[in-house]
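Residues 118 to 212 (the numbering used here) make up the sequence shown, in order.
Below you'll find the structure, written out as structure tokens, and then a few comments.
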Amino acid sequence: MPISILEAFASGVPVVSTCAGGIPDMIEQGVSGLLVPIGDHEAMARELLRVLQDASLAAGLRQAGLRQAERFAWTRVRAQWLDTYRRVAGERRES
118 MPISILEAFA
128 SGVPVVSTCA
138 GGIPDMIEQG
148 VSGLLVPIGD
158 HEAMARELLR
168 VLQDASLAAG
178 LRQAGLRQAE
188 RFAWTRVRAQ
198 WLDTYRRVAG
208 ERRES
């Protein structure tokens, strides 16, 4: 999960990205961001211009991104991290 996308979400910056790695798992196409095929420079330029020229699209992407960022807020993921650390530490003690 690229931290730059999470930072953009949290900052209210609309995301336009490629379909590389786990990025499509983070972005719902047309809702929380726009995805283009890797290496398709024309599609990237087209989608960037679309966001710049369509204020309602940009606002929708911004709001959805902010909601997406909330899913990864420390107050939400802290317990998951602690459970993981405790489970791993417990497994090591048992070994």
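Note that the Cβ used here is the ideal one computed from N, Cα and C, for glycine as well.
A quick note: this is a predicted structure, and the numbers were derived from the prediction, not measured.
Around Ile140, the same chain offers Ser134 as residues with beta carbons nearer than 6 Å, after the five sequence neighbours per side are excluded. Contact between Ala127 and Ala175 fails: their C-beta atoms lie close to 16 Å from each other, not under 8 Å.
Closest option to Arg179, judged by alpha-carbon separation, among Glu124, Pro119, Ile120 and Met118: Glu124. With contacts defined by Cβ atoms closer than 8 Å, Gly207 and Gly129 do not form a contacting pair.
Less than 8 Å separates the beta-carbon of Pro131 from that of Val168. For Ser149, the secondary structure class from DSSP, reduced to helix, strand or coil, is coil.
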